[in-house]
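Chemist: Structure incoming, see below.
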Amino acid sequence: MDRVRSVLALCAATVLAVPGITALSSAARAADADLARNGGFEAGLDGWTCTAGSVVNSPVRSGGSALKATPAGSDNARCAQTVTVKPDSQYTLAGYVRGDYAYLGASGTGTTDVSTWTQSAPDWQRLTTTFRTGASTSKVTIYTHGWYGTGAYHADDISLVGPGVDAGQPPAAPTTPTVGTVTSTSVALSWPSVPGATGYAIHRNGTKIQSANGTSATVTGLSPSTAYSFQITAVNEAGESAKSPAVTATTTSGPGGGDPADLPAHALIGYLHASFANGSGYTRMADVPGSWDVINLAFGEPTSTTSGDIRFSLCPATECPNVESAAEFKAAIKVKQAAGKKVLISIGGQNGQVQLTTTAARDTFVSSVSKIIDEYGLDGLDIDFEGHSLSLNADDTDFKNPKTPVIVNLISAVKTLKAKYGADFVLTMAPETFFVQLGYQYYGTGKWGGQDPRAGAYLPVIHALRDDLTLLHVQDYNSGPIMGLDNQYHSMGGADFHIAMTDMLLTGFPVAGDTNNVFPPLRPDQIAIGMPATPNAGNGHVPSSETNKALDCLTKKTNCGSYTTHGTWPALRGLMTWSINWDRFGGWEFSRNFDGYFG
């Protein structure tokens, strides 16, 4: 089959001398209006639902913004919005496009759905089509899309002109909400229903944070012993009401959330190449400086991808001539722990693919990891699953209720380990941006299939374990460009990338653009920023000056550059780096800068 379906288009421009045609009065024409919301994309993607799209500042046809969307092999990069229309009425749909195949159309018209397209538009080209609504049609969907596997297209100044419909008035403001159950990290809220409301929005400290279809919601991701102000607004097609009177709730005391009381307020986390050598050389445990608060032993790896049987051993002397004995290694761990440091076994890494496809593999994972922890007297576990360890089945679309065995079994295994070792068990995770922040745009295979099933696949694991999670330190390196909450793509190489990626974790974000399915924010004391220690350690290394800019912005809201964060988080836990060995190779610049910054 051809990549592009054949299209037969018959275009006629015929002037009909019909009696009364000129009787279309100027008063009738004056009733026409542009019903498309945010057709110039000046308000980002507000009003639009896109499978793959972002707002760019260049090229634009008018104003300061336009849509850019890039189709994939099984995704045509559709952006759509539903518009309220008048039955049995004539409408004109128009818009400007450029780039590869670009379509503009309307569906649900109640008569004949229409579309128009161009195969190639080197510069802005106007597309237009008309339709008449059916006798009982009150809503139509307008859309633009590209074609499967082709290049990106741009769209701007989309309009739908025709008779407007009085959407009425926004609902009245809700009355004061009622506070329900309060924990160290969450507050339950409820409120009376408002006549005419089709939904509600929750505002925390004046900022909208999530939506609700009913009259109750639980706000999560809060910090212990912290006072928050909450307000509710009611929403319908006409808009959003004024805010309700505020109610204040104070979360209970921590530490909670898997946070050991003796972990420093600002911690430095690093990976120690304990089982292998590379260009950085081998570093003995006893030689790790006191700057490092959490030491992740790299790596425990499975005997096979699906066995769940994790093994760890020190680097062989043939590869690491200066390796210590097992007894010396264990003794050095005890010295570190006596000084208040945490030593964890890190499972996975680039070469250690782990897929817990069965409950048997899950149980083997628990027993084998327990054996390593017990043998070396470790403080906990770091999950560094990369590659194809985690992916989502096609029917697994809700991160809050995962179905995929490798996800469900991993969550179960970690909860079992946490229960076995108790409240002081340290749990950390080091996912790549592809598995976390990319979930803002894509989640699993997507509604229409064809996306990478690994997209956002860590989100259900993080969410299920958030109350057990000590630290999340996403690898802000070896990453492609990722869209931030400003709907702009951010790339490695400066403070901006770390600021935008960390802001997403601390603010929360709609998963795959669905504002009714929001990944809640994590607490700042659960977040460390992952960075390479030296240019040799990985793509995305930044100099210390850029590291400090990122810390300034996130903890003080200074030196933020062009990105505007959604808060200020002085309790941000700290930094993670790959790796301690590479920092030694680089003259300890990374750890010395951390010590200098936090004192």
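Just so it is clear: in the sequence shown, position 439 is 587 by the numbering used here, and no numbers are missing.
Built from N, CA and C at the ideal position, the CB exists for glycine as well.
Can you have a look at residue 489 and say buried or exposed, based on whether 16 or more other CB atoms are within 10 angstroms of its CB?
Modeler: Per the 10 Å Cβ criterion, buried.
Chemist: Quick one: complete beta strand (DSSP E) runs, 3+ long, within the stretch 201–250?
Modeler: 202–204, 214–217, 227–232 and 238–247, all fully within the stretch 201–250.
Chemist: Quick check: the stretch 600–615 against the stretch 641–648, are there 3 or more CB pairs under 8 angstroms?
Modeler: With a cut-off of 8 angstroms, the stretch 641–648 and the stretch 600–615 do not count as touching, because too few Cβ pairs lie within range.
Chemist: Grab me the residues of residue 556's own chain with a C-beta within less than 8 angstroms of its C-beta, minus the 5 sequence neighbours each way, in chain order.
Modeler: Correct list, in chain order: 550.
Chemist: Using 8 angstroms for Cβ pairs, my map puts residue 626 next to residue 688. What's the rounded Cβ distance?
Modeler: Their Cβ separation, rounded to whole angstroms, is 6 angstroms, which keeps residue 626 and residue 688 in contact under 8 angstroms.
Chemist: Got a sec? Which residues, its chain only, sit under 6 angstroms from residue 653 by beta carbon, not counting five neighbours each side?
Modeler: Excluding positions up to five away in sequence, the list reads 670 and 675.
Chemist: DSSP state of residue 359, grouped into three classes?
Modeler: Note: residue 359 maps to strand in three-state DSSP.
Chemist: Classify residue 599 as helix, strand or coil using the three-state DSSP reduction.
Modeler: The answer is coil: DSSP assigns residue 599 none of H, G, I, E or B.
Chemist: Out of curiosity, what's the CA-to-CA distance linking residue 223 and residue 598?
Modeler: One C-alpha to the other measures close to 6 angstroms.
Chemist: Run through the DSSP bridge pairs and tell me what residue 721 is partnered with.
Modeler: None, per the DSSP bridge assignment.
Chemist: Nearer than 7 angstroms: is that true of the beta carbon of residue 575 relative to any heavy atom of the ligand ATP?
Modeler: In the structure shown, the ligand ATP is absent, as is every other ligand, since no ligand is present at all.
Chemist: Looking at C-alpha atoms only, which residue of 547, 348 and 552 is the closest neighbour of residue 541?
Modeler: With distances taken between Cα atoms, residue 541 lies closest to 552.
Chemist: Let me know the beta strand (DSSP E) ranges lying completely inside the stretch 553–601, each 3 residues or longer, listed in chain order.
Modeler: Listed in chain order, they are 574–577.
Chemist: So what's residue 680 in DSSP terms, helix, strand or just coil?
Modeler: Correct three-state label for residue 680: strand.
Chemist: Quick one: any contact between the stretch 382–389 and the stretch 341–354, if contact means 3 or more CB pairs under 8 angstroms?
Modeler: Cβ pair count under 8 angstroms is three or more, so yes.
Chemist: Using CA atoms only, rank isn't needed, just tell me which of 360, 344 and 319 is closest to residue 337.
Modeler: For the residues 360, 344 and 319, the minimum Cα distance to residue 337 belongs to 360.
Chemist: Is the separation between the beta-carbon of residue 229 and that of residue 277 shorter than 8 angstroms?
Modeler: In this structure, residue 277 does not lie closer than 8 angstroms to residue 229 by Cβ.
Chemist: Measuring straight from C-alpha to C-alpha, what distance separates residue 175 and residue 699?
Modeler: In this prediction, residue 175 scores a pLDDT of 36, lower than 50, which makes its location untrustworthy; no coordinate-derived value is stated.
Chemist: How big is the Cα-Cα spacing for residue 151 and residue 269?
Modeler: With a pLDDT of 33 at residue 151, under the threshold of 50, the predicted position of this residue should be treated as unreliable, and no value is reported.
Chemist: Which two residues bound the contiguous alpha helix (DSSP H) that contains residue 524?
Modeler: Start and end: 507–524.
Chemist: If you draw a straight line from the alpha carbon of residue 404 to that of residue 616, how long is it in whole angstroms?
Modeler: For residue 404, the predicted structure reports a pLDDT of 46, less than 50, and the residue's modelled location is therefore unreliable. The matter cannot be settled from this model.
Chemist: So the alpha helix (DSSP H) residue 739 belongs to, where does it begin and stop?
Modeler: It spans 737–746 - the alpha helix (DSSP H) in which residue 739 sits, taken as one unbroken run.
Chemist: Buried or exposed: where does residue 184 fall if 16 or more other Cβ atoms within 10 Å of its Cβ makes it buried?
Modeler: Buried is the call here.
Chemist: On the CB-based measure, 16 or more other CB atoms within 10 Å of its CB, does residue 467 come out buried or exposed?
Modeler: So residue 467 ends up on the exposed side.
Chemist: Which value, in whole angstroms, describes the spacing of the CA atoms of residue 731 and residue 681?
Modeler: The straight-line gap from Cα to Cα measures roughly 5 angstroms.
Chemist: With C-beta atoms as the reference, is residue 266 less than 8 angstroms away from residue 233?
Modeler: No, the pair does not count as a contact, with Cβ atoms beyond the cut-off.
Chemist: Are the beta-carbon atoms belonging to residue 694 and residue 642 less than 8 angstroms from one another?
Modeler: Yes, the Cβ-Cβ distance between residue 694 and residue 642 is below 8 angstroms.
Chemist: Excluding the 5 residues flanking residue 325 on each side, which residues of the same chain have their C-beta closer than 8 angstroms to its C-beta?
Modeler: Excluding positions up to five away in sequence, the list reads 337, 338, 339, 378, 379, 380, 392 and 395.
Chemist: Out of 703, 577, 660 and 524, which has the shortest C-alpha to C-alpha gap to residue 593?
Modeler: Closest option to residue 593, Cα to Cα, is 660.
Chemist: Can you name the start and end residues of the alpha helix (DSSP H) that residue 644 belongs to?
Modeler: Looking at the DSSP string, the run of the alpha helix (DSSP H) that includes residue 644 is 643–655.
Chemist: Note the first and the last residue of the continuous alpha helix (DSSP H) segment covering residue 311.
Modeler: Segment 301–311 is the beta strand (DSSP E) holding residue 311; no alpha helix (DSSP H) there.
Chemist: For residue 525 versus residue 478, is the C-beta distance shorter than 8 angstroms?
Modeler: Yes, they are a contact pair.
Chemist: Hey, out of 374, 301 and 341, whose CA is closest to residue 352's CA?
Modeler: The candidate whose alpha carbon is nearest that of residue 352 is 374.
Chemist: Output the distance between the C-alpha atoms of residue 369 and residue 714, rounded to the nearest integer angstrom.
Modeler: If I take the Cα positions, the gap works out to 14 angstroms.
Chemist: How long is the line joining the alpha carbons of residue 354 and residue 554, rounded to whole angstroms?
Modeler: The alpha-carbon atoms of residue 354 and residue 554 are separated by roughly 39 angstroms.
Chemist: For residue 583, which of 207, 721, 303 and 536 has the nearest alpha-carbon?
Modeler: Comparing Cα-Cα distances from residue 583 to each of 207, 721, 303 and 536, the minimum goes to 536.
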